[in-house]
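Its first residue numbered 685, the sequence shown is counted upward by one per residue in the working numbering.
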Amino acid sequence: MRDLSTDNTMSVSEQKTAIAVLEQYDAPWTDIVLIQGGSIKTVWKIQSNKGPLCLKRLKQSYDKALFSVNAQIYIKNSGGNVPGVIPNKKGEAITSFNDQLFVLYEWIAGHDLDFDKPADLKNALIGLARFHNFSKGYAPADESRISSKLGKWPEQYGSMLNKLSLWKETARENIAQQNFSAYFNHTTAIIDIGRMALDEIKRSTYEELTSAGSNSIVLCHQDYGRGNALLTGKGVCIIDLDGVTFDLPIRDLRKIIGKKAENRNQWQMEAINEITGWYEESNPMSKEERKLLYIDLLFPHWYYGLVKNLFQAGKPVKASEIERIAKLELSKIPILKTLLIKE
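See the structure below:
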């Protein structure tokens, strides 16, 4: 008997949508539970004759979805630990219903990894390294919209530095406000760090490593953290691949290392070496790749990420937080310079 009573938050519309979409699959269901709703991106857990499944409504356009969904299929078929995609009755990975897109996945039973616990972080990094390895060689379909950051870092560095400079003039005009005053006082030093990183990347092998045919190119997750890495009996399973993009694996590593430093309010060489060491157990980096990681860590991504909320999104940012992140950015220079010299 089919059961819809186990979840009281599912609207009639969400219920009807899930039932209608499931009719396009050869997977008779017995139970539907809403896991995430309230927006276009919606997730249902389905009990079926194929076992538990995950039905997901995407917020992407078809060409973008085609890139990420096919990437997931490729990684799975290559041996990667990601949820399998269940094709519909037509053999298609993506199902369209009422001008909306849906994908049916295997349901992954596991527990979230806590990136603040060393054992969990180690498992997460080994899982990420394997994910990167199994993503190599992915060739997108012609009709998909390719997501790629390859070759764009120098331009992106320059764009962010230009914005930081322009925002300084806005801060000058609002200098009486503490948050704008804090920004004005700290940003010159931050821009200097960014220019240092830009000079370093121009002298590096970045262009060579991001050129077509480079073995360094992988699919980066871009949002790898708690909730997207599940420890299962078969190791770490990586989920939510909607935002995958072609880039160097450094992109995902930089975000993990920076988040750790931000949470601890301290940059530590030991933490950087520990994280890269765990990652390299499954995917060793070349000397040139490690150097690029240190360069990318040197750029003031975290300061820019904070202050853009104030200047681009119009969100309040406390002066104390601007000062904290500015000091944190400045404190990393000796550590990263030492690491760069070693390379």
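Even glycine gets a Cβ: it sits at the ideal position worked out from N, Cα and C. The structure presented is a predicted model; accordingly, all values stated were derived computationally and were not measured.
If you draw a straight line from the C-alpha of residue i to the C-alpha of residue j, how long is it?
i	j	result
A997	N765	37 Å
L809	P1000	34 Å
T929	I922	15 Å
S900	T894	7 Å
K944	D980	15 Å
L977	I875	19 Å
I757	G768	7 Å
L1012	G897	37 Å
S689	V991	Note on S689: pLDDT 41, under 50, position unreliable in the model; the coordinate value appears next. In a straight line, the C-alpha of S689 is about 46 Å away from that of V991.
E946	C904	21 Å
P933	N967	10 Å
Y841	Q708	46 Å
I941	E954	11 Å
Y789	F983	38 Å
A866	I1009	11 Å
I792	L994	39 Å
A873	R879	10 Å
Check residue i in the structure and name its three-state DSSP category.
i	result
T726	strand
A1010	helix
V766	coil
Q861	coil
P1000	coil
Q784	strand
D715	strand
Y709	coil
T779	strand
Q720	strand
S831	coil
S732	strand
E790	strand
D796	strand
D936	helix
W951	coil
P838	helix
E965	coil
S695	coil
S752	helix
S689	Reliability fails at S689, whose pLDDT of 41 lies under 50, so the model's placement of it is uncertain and the value that follows must be treated cautiously. S689: coil per DSSP, three-state reduction.
S745	coil
Report the residue from the options whose alpha carbon sits nearest the alpha carbon of residue i.
i	options	result
F786	P771, K886 and D800	P771
R741	T726, S900, L977 and G909	T726
D926	D710, R829 and D800	R829
Y822	I792, L990, N754 and A711	N754
A1003	Q861, G897 and D883	Q861
K1021	R974, I1006, E1005 and Y988	R974
L718	Y908, Q731 and S849	Q731
S723	L737, P824, T779 and Q784	Q784
S888	Y908, E1027, L739 and S966	E1027
H985	K1016, L834 and N807	K1016
D796	A913, S752 and S831	A913
K939	L845, R910, T916 and S831	R910
E972	R935, R948 and L1024	L1024
Can you confirm whether residue i, when its beta carbon is compared against all beta carbons of chain B, has any partner nearer than 8 Å?
i	result
Y709	The chain labelled as chain B is not found in the depicted structure, where only one protein chain is given.
Could you check where the beta strand (DSSP E) with residue i kicks off and where it finishes?
i	result
G735	G735 to L742
Which residue comes first and which comes last in the alpha helix (DSSP H) that contains residue i?
i	result
F818	P802 to S819
A825	That residue, A825, is in no alpha helix (DSSP H); it is neither H nor E in DSSP.
E972	K971 to L982
P1018	I1017 to K1026
N772	That residue, N772, is in no alpha helix (DSSP H); it is neither H nor E in DSSP.
* Which runs of the alpha helix (DSSP H), 4 residues or longer, sit entirely within the stretch 863 to 932? -> 890 to 893
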